[in-house]
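As numbered in this note's numbering, residues 333 to 511 make up the sequence shown, in order. Note that beta-carbon positions come from the ideal geometry of N, C-alpha and C, so glycine has one too. Each remark here refers to the structure printed beneath this line.
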Amino acid sequence: MYAVVNTGGKQAKVEVGTIVAVEKLKAEVGESVSLPVIFIADGDSIMATPSELAGASVTAEVLEHFKGEKQIVFKFKKRKGYKRTKGHRQQLTAVRVTDIAVAGGAKPAKPEKAEKPAKAVEAPEAEAPKVEAPVVEAAASSEAAPQPCAATKSDGTPCTNKVKEGSTYCGVHAKKYEG
């Protein structure tokens with residue numbers, strides 16, 4: 333069985349006998365403290381909703397107060413000659429978890445597994461007979477083979493561009509001759 337507790341703005345996974353360093357608590361060495369629980373798990377069962385955790389608690393014994401590792405804070409501004417170095421050591425408390433209690437001494441309820449919906453076996457539908465598309469005969473000769481433009485170039489050769497729809501000239505010559 334394990335629990336997740338919230339203390340000092342951080343969360344920690346704890347079991348009975350686990351020693352955890354948390355933010356400094358206002359308790360003397362040797363005192364028992366209660367830590368707020370946000371999750372309890374026991375094998376396959378889980379308790380995570382506030383209604384399930386209403387009576388749950390994690391009890392821990394304070395072992396010592398100490399300072400954490402030094403954190404270096406270095407500030408600088410480039411090309412200004414500004415450099416500042418400072419350090420910080422966080423105040424911490426070591427606690428040993430002595431008990432994880434669930435409301436009423438009951439074990440966490442096993443979560444209900446969602447049943448998979450039974451697959452409905454569908455009878456294969458009779459396939460409709462395949463109908464072949466009718467063969468379209470070649471349309472009028474003007475649509476089958478595009479006509480070349482009716483314009484002639486300045487050197488006397490005919491234009492070979494395809495004509496615009498509804499015109500006898502291509503897109504290049506339509507403006508010149510029609511408009």
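For the 8 Å CB-CB criterion, GLY419 and VAL405 form a contact.
By the CB criterion at 8 Å, LEU357 and VAL337 fall outside the cutoff. Distances from the CA of THR425 to each of THR339, GLY413 and PHE398 were compared; the closest alpha carbon is that of PHE398. ILE432 sits buried, since 16 or more C-beta atoms from the chains shown fall within 10 Å of its C-beta. Distance check between PRO480 and each of VAL390, GLN423, THR500 and LYS507 places THR500 closest, using alpha-carbon atoms only. Within its own chain, the residues whose Cβ lies closer than 6 Å to the Cβ of LYS407, once the five positions on either side in sequence are excluded, are ARG416, listed in chain order.
According to the DSSP assignment, VAL427 belongs to no alpha helix (DSSP H) but to the beta strand (DSSP E) extending over 414–433. For VAL348, there is no enclosing alpha helix (DSSP H), as DSSP gives it neither H nor E.
Linking ILE372 to THR339 through their CA atoms gives a straight-line distance of about 15 Å. The beta carbon of TYR334 sits closer than 7 Å to the beta carbons of LYS345, VAL346, GLU347 and ALA373 from its chain, once the five residues preceding and following it are set aside; these are given in chain order. DSSP places LYS507 in the uninterrupted alpha helix (DSSP H) bounded by 503–510. Non-local beta-carbon contacts of GLY400 in its own chain, meaning distances under 7 Å to residues more than five positions away in sequence, involve ARG421, GLN422 and LEU424 in chain order. Put simply, the backbone Cα of VAL504 is about 10 Å away from that of CYS491. At the C-beta level, VAL352 and ALA359 stay beyond 8 Å of one another.
DSSP places ASP374 inside the beta strand (DSSP E), whose first and last residues are 369–374. Of the residues THR484, THR381, LYS412 and ARG428, the one whose Cα lies closest to the Cα of TYR509 is THR484. By the Cβ neighbour-count rule, VAL361 is exposed, with fewer than 16 other Cβ atoms within 10 Å of its own.
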